[in-house]
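Report on the structure given below.
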Amino acid sequence: MEENIISVRNLVRKFGSFTANDNLSFDVRKGEIFGFLGANGAGKTTAVRILCGLSKPTSGEVKIAGFDIYRETEKIKRNIGYMSQRFSLYEDLTVAENIQLYGGIYGLPNRLIREKQAELLNRLGMTDVRNKLIAGLPLGWKQKLAFSVAILHDPKIVFLDEPTGGVDPIARRQFWEMIYETASGGTTIFVTTHYMDEAEYCDRISIMSEGKIVALDTPAALKRIYQAPSVEEVFVKIARPSKSLL
Amino acid sequence: MRTMLFLLRKEFKQLFRDRFIGKAIFAIPIVQMLVLVPAITYEIRDVKMCIVDHDQSVESRKLVSQLEGSSFFRVKYTTFSEREANDLMHRDKVDLILQIPSGFGRETGRGNPVRLMVTANAINASRAQLAWGYFSGVMRDYQMNLVTAKAGTASLTMPRIDLTSRHWYNESLNYIYYMLPGVLGILVAAIGFMLAGLNMVKEKESGTIEQINVTPVRKYQFIAAKMIPYIVIGLIDLAIGISLGMLAFGMPFEGSAALLFLSSFIFMIGALGLALLISTITSSQQQYMFAGFFFLIIFMLMSGIFTPMDSMPAWAQKINLLNPVAYIMRINRMIMLKGSTFADISRDIFSLLVLSVLFTFFAIRKYRKTV
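Each protein sequence line maps, in turn, to chains C and D.
Under our numbering, the residue at position 102 of the first sequence is numbered 102, and the numbers go up by one with no gaps.
Under our numbering, the residue at position 169 of the second sequence is numbered 169, and the numbers go up by one with no gaps.
Shown next as C-alpha cells:
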C-alpha cells in the first residue's frame, strides 16, 4: 500500500453562488507525478491554491503531508514548493539574489545556500548570468529558475500551476526533464496543465470539468477505458464544455 | 530573525537598485524643504492702497502720511471717485480702499465722532485680515495722537495704556522657525508613505506576494521588512533636514535631538502602518495613489501646519486625534522652538504611539496570506 501524501475529501469551494470546486475527493501518492487537467475555468487553479494554503476551502477535509489544511497551514508551507503560471520571482533582483532570498526564507544555512546555488546554476547553465537581473532573461529560463527555486528547500510536494504556459516546445521538454529528475528524488509533483502531451508524462491524471473531477487514472488506463489513442482524445470526449456555453 | 535579515536585504536592494528612487528619497525632501520653508510665509508687506480723500484737509493728509510711513502700506492711487476706486479693486490693483468723508478734519477738530470707510479685498481672506489688523494698528496710533493733541497738557493725567509685548519661543516671529519643524515632519514621512504602499501593491500586482505567501514567512515579518527601510531613510532625511535648517536658516534647536528622533521614529511607524493598511485594501498602484493622496492631503492640511488647530471646528479637532501628522507637528515645534522635555509632551508622544501601534496592528491583521 503506497502512502498518500495528499488526501482530499469532499472539497468544496464556492465564490458566491458559483461553485468552483464541487465536492472533490482524491489522493496523491508519495513520489508520483500527478497531472491535474481541465479546460480553462474548470477550477484547477482554485484547487491548487487551496492545497497550497493560499485560499481557504468552503468545506471539506484536506491533508497535505499529514498536516491539516485548516489548523496547520504554516507547517504545510515548510513542506511544499509552489510555482504559479504567473512568473513570480523578483524581476528587479539578480538570479543569485533570488536564490539567496528564498534559501534564507526557508531557513537554509548559508553554506547550504551557497552549495545549492552553485549546483543549481551549474545544472541550468546559468552560472554566467547569476548577477543579471531576472527581468532580462528569456521566459523559458525564468520558468526553469522559478521551478528550481520552488524546490530549493527540498519540499515533500511541489505544486506547479500551468508551469509551461507560453514557453517554446524545447524549453517545455527541458522543463519536463527537470520534473522527472525531481520526482526520481522522491518529491511528489502536482502539476496542472492544459497541454495534453504533457499529461502523457504523468503517472496519474485527473480531469476536471465544471468544478468536478470526471476521470482519474493512469494515462494508459484512461485511453483504454475511453478507447482513445491519446489523452487529448480522452479529454475531448469527457471534458466538453456544457451545452449552454456552445 | 534571520528571515528578517534576508527580507530586509531584499527590500534595500530593490529600493536602491532603482537609480532614480535611490537618489530621490534623499534629494526630494531636502529640495522641498529649501524651497517650501522660505516660500511659505504669512508676513505681508506692501498692502496696496487707494485713498479716496473727499476732505483734503490737514488732518486727512496727516492720516494718509501716517499710513505711508508704516512699512506695510503703499498708497498707489488717490482719487475722488468711489467708482474708480471700486474699479481698481475689481481689477485687483488695490488691496485696501480708504474713504475719508468731507468734513473729516473739521469734525475731528471739534471732537465729534467721524466715520471712515475701509474696503478690503478679501479674495485672500488671511491677507485681508492681516491688512485690516495693520490698518487698525495705525488708526489706533493716529487716534491716540489726536486725543493727546486735543487734551494738551491735560494728557499727563489721562489714563493711557501702553502695551509691551514679547513673543516667547519665537522672539522675532520668524515664520521660517514656525514652518520648518512642521515641514520637516511631513517631508520625512510623505516619501515613505507613498513608496512603501506602492511597493506593497506592486508585489500584489506582479504576483510576487503569492510566492512569499506560500513560504513560512510570517505576516509581521513581511510587514516589518516593508517598513524598516523607509524608517531608516526617513530618519536620515530628518537628520539632513535639521542640519540644513540650522545652517541655512539659522533654525534654533532648543530641545533634545534624541527625543525628536524618538518621536519621529514613532510617527513614521504610524505613517507606514497606515500606508500598508491602505495597501492591503487596494489592489493596484492607481488605487493606492488615489487612497494615499486622499489621506496625505487631509492629514497634511489639517495638521495645523498652516492654520492653528485651535481655530478649527470641534469636529475637525476630533478628526485630528487620528492624524499622526498633527501630533508630530506639535511635538517638533515644542522640541525645536521651546525645548520641551519628554515630560512636557508625553501626552502627544503616547497618543502617537497608540495610533502607530493600531495602524500597524491592523495592517498586519488585514494582510492575509490566505484569501
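Glycine included, every Cβ here is placed at the ideal spot set by N, Cα and C.
Nothing here was measured: the structure is a model prediction, and the numbers come from that model.
Which listed residue (the options) has its alpha carbon closest to that of residue i
| i | options | result |
| --- | --- | --- |
| Arg9 of chain D | C:Ile99, C:Ala135 and C:His153 | C:Ile99 |
| Cys50 of chain D | D:Glu82, D:Thr41 and D:Val183 | D:Glu82 |
| Trp168 of chain D | D:Leu353, D:Phe361 and D:Leu337 | D:Leu337 |
| Glu35 of chain C | C:Val214, C:Ala221, C:Pro229 and C:Glu200 | In the sequence as displayed, the identity of residue 35 of chain C is Gly instead of Glu. Per the Cα distances, C:Glu200. |
| Arg368 of chain D | D:Lys219, D:Gln286 and D:Ile100 | D:Lys219 |
| Ala220 of chain C | C:Leu24, C:Asp22, C:Glu210 and C:Val234 | C:Val234 |
| Ser59 of chain C | C:Ser25, C:Pro109, C:His153 and C:Ile33 | C:Ser25 |
| Arg172 of chain C | C:His194, C:His153 and C:Ser184 | C:His194 |
| Ile242 of chain D | D:Arg333, D:Phe290, D:Thr208 and D:Asp310 | D:Arg333 |
| Ile55 of chain D | D:Ile40, D:Lys62, D:Pro38 and D:Pro101 | Before going on, a small fix: residue 55 of chain D reads as Asp here, not Ile. Ranking D:Ile40, D:Lys62, D:Pro38 and D:Pro101 by Cα distance to Asp55 of chain D puts D:Pro101 first. |
| Gly339 of chain D | D:Glu254, D:Tyr288 and D:Met200 | D:Glu254 |
| Gly245 of chain D | D:Val232, D:Gln221 and D:Ile176 | D:Ile176 |
| Thr79 of chain D | D:Ser71, D:Ile335, D:Ile97 and D:Asp92 | D:Ile97 |
| Asp168 of chain C | C:Tyr226, C:Glu210, C:Pro138 and C:Ile33 | C:Pro138 |
Own chain residues within Cβ distance below 6 Å of residue i, not counting five before or after
| i | result |
| --- | --- |
| Phe16 of chain D | Gly22 |
| Gln99 of chain D | Val52 and Met117 |
| Val75 of chain D | Met49, Ile51 and Glu68 |
Simplified DSSP assignment, three categories, for residue i
| i | result |
| --- | --- |
| Gly103 of chain C | helix |
| Ile51 of chain D | strand |
| Val62 of chain C | strand |
| Arg71 of chain C | coil |
| Leu245 of chain C | Reliability fails at Leu245 of chain C, whose pLDDT of 46 lies under 50, so the model's placement of it is uncertain and no value is given. |
| Asp141 of chain D | helix |
| Ile251 of chain C | Residue 251 of chain C lies beyond the stretch modelled for chain C, which goes from 1 to 246, so this question has no answer here. |
| Thr307 of chain D | coil |
| Tyr201 of chain C | coil |
| Asn98 of chain C | helix |
| Ala39 of chain C | coil |
| Arg9 of chain C | strand |
| Leu337 of chain D | helix |
| Met83 of chain C | strand |
| Val75 of chain D | strand |
| Met178 of chain C | helix |
| Ile298 of chain D | helix |
| Leu372 of chain D | Nothing in the structure corresponds to residue 372 of chain D, since chain D is present only between 1 and 371. |
| Leu198 of chain D | helix |
| Asn23 of chain C | strand |
Buried or exposed (CB count within 10 angstroms, at least 16 for buried), residue i
| i | result |
| --- | --- |
| Leu301 of chain D | exposed |
| Ile90 of chain D | First, the residue type needs correcting, since residue 90 of chain D is His and not Ile in the sequence shown. Exposed, since its Cβ has fewer than 16 Cβ neighbours within 10 Å. |
| Val188 of chain D | buried |
| Asp128 of chain C | exposed |
| Lys156 of chain C | buried |
| Asn323 of chain D | buried |
| Leu226 of chain D | Here residue 226 of chain D turns out to be Lys, not Leu, going by the sequence shown. By the neighbour-count rule (16 or more Cβ atoms within 10 Å), Lys226 of chain D is buried. |
| Leu5 of chain D | exposed |
| Met1 of chain D | exposed |
| Phe395 of chain D | The requested residue 395 of chain D does not occur in the structure, where chain D is confined to residues 1 to 371. |
| Asn21 of chain C | buried |
| Arg330 of chain D | buried |
| Gly166 of chain C | exposed |
| Leu163 of chain D | exposed |
Neighbourhood of residue i by C-beta, 7 Å cutoff - its chain only, sequence neighbours within 5 removed
| i | result |
| --- | --- |
| Ile151 of chain C | Gly81, Val158, Thr182 and Thr187 |
| Val149 of chain C | Leu89, Asn98, Ile99 and Tyr102 |
| Phe265 of chain D | Ile231 and Leu235 |
| Met194 of chain D | Gly292 |
Contacting residues, own chain, Cβ-Cβ under 8 Å from residue i (five flanking each side not counted)
| i | result |
| --- | --- |
| Gln174 of chain C | Gly140 and Lys144 |
| Asp27 of chain C | Asn4, Ile6, Ser7 and Val8 |
| Gly109 of chain D | Glu59 |
Residue i versus residue j - alpha carbon distance
| i | j | result |
| --- | --- | --- |
| Leu246 of chain C | Leu124 of chain C | Residue confidence for Leu246 of chain C is low, a pLDDT of 43 falling below 50, so the modelled location carries little weight and cannot support an answer. |
| Thr3 of chain D | Pro229 of chain D | 15 Å |
| Phe190 of chain C | Arg29 of chain C | 10 Å |
| Phe293 of chain D | Ser284 of chain D | 14 Å |
| Ser256 of chain D | Val357 of chain D | 24 Å |
| Met309 of chain D | Ser165 of chain D | 23 Å |
| Ile25 of chain D | Arg19 of chain D | 10 Å |
| Ala122 of chain D | Trp315 of chain D | 26 Å |
| Cys202 of chain C | Arg130 of chain C | 32 Å |
| Glu74 of chain C | Ala326 of chain D | 40 Å |
| Gln117 of chain C | Ala27 of chain D | 37 Å |
| Ala372 of chain D | Leu184 of chain D | Since the first residue of chain D shown is 1 and the last is 371, residue 372 of chain D is not available in this structure. |
| Gln211 of chain D | Met83 of chain C | 7 Å |
| Cys52 of chain C | Met289 of chain D | 31 Å |
| Val231 of chain C | Thr192 of chain C | 14 Å |
| Ile223 of chain D | Ile364 of chain D | 7 Å |
| Lys48 of chain D | Phe135 of chain D | 12 Å |
Any non-hydrogen atom of the ligand ZN within 6 Å of residue i CB
| i | result |
| --- | --- |
| Leu98 of chain D | The ligand ZN is absent from the structure shown, which contains no ligands of any kind. |
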